[in-house]
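Quick notes on the structure that follows.
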Amino acid sequence: MRFLTPGFFGLSVFLLGVILFYLFRKQYEKQIVPSTFFWQQVMREWQATKWWRKIQQHLLLYLQLLILTLLMFALVRPYIGVSDLSGEQIAVVIDTSASMTALEGENNRLELAKEEMNELIDQLDTQRLTAILAKQTPEILFSNETNKSEMRRAIENISPSFQSENIDKSVQLANQLLSDSSGEIHVFSDRAKHEEITAAHLSHKTEVHNIGTTTNNLSIHTFGVAKQDDTVNGVLSIANEMDEQQQVTIQIVFEDEKLAEIEETVDPEKPTQIHIQDLPEKPYYKAMIVNKDHFQADNVSFAFLGEDRQPTFYLVGEMNSFLTKALSHLSTDIIQIEELNEVPQTENAIYVLSNVPAENWPNGPKLIISPTEGEPFNIKNEQMLQTGLKAVSDDSLLQFVDIEEVYIQKSYPFTTPELQAIVSSGETPIISKGNYQGNPIIFLGFDIEDTDWPMHSSFPIFLYNAIDYLTDQNQLLGYLQSSERKEIAYSTGVTRSTILNEENEKIADMNVDNSILIAPERPGLYKVAEETEFGLKERLFAVIVDEEEKYISPEDSFTIESENEETGGDNQKHPNEIWTVLAILALFILFLEWEVYRRGITG
2 MRFLTPGFFG LSVFLLGVIL FYLFRKQYEK QIVPSTFFWQ QVMREWQATK
52 WWRKIQQHLL LYLQLLILTL LMFALVRPYI GVSDLSGEQI AVVIDTSASM
102 TALEGENNRL ELAKEEMNEL IDQLDTQRLT AILAKQTPEI LFSNETNKSE
152 MRRAIENISP SFQSENIDKS VQLANQLLSD SSGEIHVFSD RAKHEEITAA
202 HLSHKTEVHN IGTTTNNLSI HTFGVAKQDD TVNGVLSIAN EMDEQQQVTI
252 QIVFEDEKLA EIEETVDPEK PTQIHIQDLP EKPYYKAMIV NKDHFQADNV
302 SFAFLGEDRQ PTFYLVGEMN SFLTKALSHL STDIIQIEEL NEVPQTENAI
352 YVLSNVPAEN WPNGPKLIIS PTEGEPFNIK NEQMLQTGLK AVSDDSLLQF
402 VDIEEVYIQK SYPFTTPELQ AIVSSGETPI ISKGNYQGNP IIFLGFDIED
452 TDWPMHSSFP IFLYNAIDYL TDQNQLLGYL QSSERKEIAY STGVTRSTIL
502 NEENEKIADM NVDNSILIAP ERPGLYKVAE ETEFGLKERL FAVIVDEEEK
552 YISPEDSFTI ESENEETGGD NQKHPNEIWT VLAILALFIL FLEWEVYRRG
602 ITG
């Protein structure tokens, strides 16, 4: 035990003063002694009295001395050990990526990180705590919290996000949150590296706690299939992080049907490629490592055998010859519709509409050219453009397209919150895209005759990008990262859409008026089930583990001492003081002393 202000031990003179007051005070005891004989008998009884009864007679003295002693010790501020946490505020960064689910004994790394964070909370004195989840986009769990129960409750509820961690961005966010105070940053991860953190701008000490020791992991890094002639062949690569060669068993399955089983010897350090021949044709294939290891998330991978179905183009209205010729290079299935009431409603169709009123628009993916005035997008009379074209955003529709070289003389001004402008002239939107009544739409607010775009090589490229956008994910939604947001196009006439997992359990309902799909957190096979006027349609997608997360070998812990740390704040180590306990105990004894005194004067 040590003391912060030992000078207050000088107050011990008051203890001596109290003792002196008791020694020199006049003491009287009422005693009736009828004779010398009885006097001698009383003295013998008093001398034979037990020691604790003698103490009882001076109880007030002892209580007062104890009170003064406790108060003196409270003033010298004794402490037991020193908290490792310095500063006014502490920030913790928690890695919730897939590799944090690797087992270390009975618990995974994230659970061990929670235990270490609870130990850190125990060390807090008066400091505030801020917690940040190190996801792809850092997320603040809580900020400037002082209630330890609330801290523990929030930390206990942390679950794996399976997203790739962004340690550097999370540390920089923590550094900003601590910018107005002194303190430290503590990072709880497993594979954080010194070179990943930009230390140049850090103004606070940063301690990185890399958790874990295990390297017991086998992982599937790549898996793909392709149809060749009348058979399906596949290839996958297996990595072994262990120190010794491993005999690995891999199964290829579809639903509950086992299609193939392969045994392969996999050397450590470098991936081993395995070829699979003569698989039966299935919509998807699931590869599984049968061996047990300490990290399960990378033991499964999916491959899709996509269908190459070319959409049918329905050209409705008066089509420009340049447009028709360009579309003929993108599809051989083109149908020209003369009468608006003859437009068919079919699946796997794209409607190219020129000068067609909105009430005659068919239900399905649409490319609108030469729009008519009025609703639904508040289209106005054609006006001359005063400025050149510019790309509003870096959109996939403009990939390999230099839109600023294109000249458009006139356009139809329109305004709508439903569509996203990707090309504009000043404040006037020219090309927009989005979803309208549950279907993807690309809106060109001009006539082909009023532009020189067909003379540019980028015109057919734009049409290719547009068709790709309108037909995107017609059968498959492909591979997504955990919680990734992806814009999708719903099927024609969809009335209800849900996300189901591999066991056909509902994960979430989707809003058919919103074209954004948010992938589930947990890796696995999922499907978007859509109820349409043509029946039920299912589109598969897989949530995958990032390649970097398939390695679980932990890094060493380290500390970054900031050279830019401000020295004006409270950046000293916080001792674990016990003066409050002593002061409360002194107050309790004071009440006890008062009760003893009251009984003495009334008895």
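With the first letter of the sequence shown counted as 1, position 410 gets the number 411 in my numbering; the numbers rise by one all the way through.
We put the beta carbon where it would ideally sit given N, CA and C, even for glycine.
Model, not experiment: these values are computed from the prediction.
Extent of the continuous beta strand (DSSP E) to which residue i belongs
i	result
E258	258 to 267
T533	525 to 533
R540	536 to 545
Y552	It is not in any beta strand (DSSP E) - Y552 carries neither H nor E in the DSSP assignment.
Q252	247 to 255
I1	The chain is shown only over 2 to 604; residue 1 falls outside these bounds and no answer can be derived.
D510	507 to 511
Q337	335 to 338
S355	350 to 355
T560	559 to 561
Nearest-angstrom beta carbon gap, residue j and residue i [assumed within contact, 8 angstroms]
i	j	result
E262	I275	About 12 angstroms separates the two Cβ atoms, so there is no contact after all.
I290	I251	6 angstroms
Q90	T131	7 angstroms
F163	R523	6 angstroms
L237	S302	7 angstroms
P430	Y470	Contact doesn't hold; Cβ gap of about 17 angstroms is too wide.
G213	D244	Going by Cβ atoms, the distance from G213 to D244 rounds to 16 angstroms, so no, they are not a contact pair.
P161	M101	6 angstroms
Residue i - partner residues in DSSP beta bridges
i	result
L445	I370, I432
S220	A240
N211	S190
G88	G88 pairs with nothing; no bridge assigned.
E488	I517
G235	V226, I277
Q482	I545
T417	Note: T417 sits in no beta bridge, so no partner.
A392	V424
N502	Y527
Test item: CB-CB of residue i and residue j under 7 angstroms
i	j	result
L368	A467	yes
P312	N364	no
N211	E556	yes
V424	L390	yes
F74	L591	no
N379	F415	yes
N218	D96	no
V77	P7	yes
S15	L69	The sequence given here has Phe at residue 15, not Ser. In contact: F15 and L69 (Cβ atoms closer than 7 angstroms).
I553	F224	no
K115	I156	yes
F447	W454	no
T620	D169	Absent from the structure is residue 620, since the part of the chain shown begins at 2 and ends at 604.
V226	A304	yes
A520	Y480	no
I500	A509	yes
N321	I449	yes
I432	L445	yes
Assigned secondary structure, residue i (DSSP; H/G/I helix, E/B strand, else coil)
i	result
Q124	helix
Q410	coil
G365	coil
Y286	strand
E319	coil
F305	strand
S98	coil
I579	coil
K326	helix
N109	strand
A135	coil
G184	strand
I585	helix
K115	helix
P1	Shown here, the chain extends from 2 to 604; a query on residue 1 therefore has no answer.
N440	strand
G8	helix
V19	helix
Extent of the continuous alpha helix (DSSP H) run through residue i
i	result
F605	The structure shown does not extend to residue 605, since the chain is modelled only from 2 through 604, so no value can be given for it.
E614	Since the first residue shown for the chain is 2 and the last is 604, residue 614 is missing from the structure and cannot be characterised.
R154	149 to 157
I462	459 to 472
Q311	Per DSSP, Q311 belongs to no alpha helix (DSSP H) and is neither H nor E.
L66	60 to 76
Below-7 angstroms beta-carbon distance, residue i vs any chain C residue
i	result
K293	Chain labels in this structure do not include chain C; a single protein chain is all it has.
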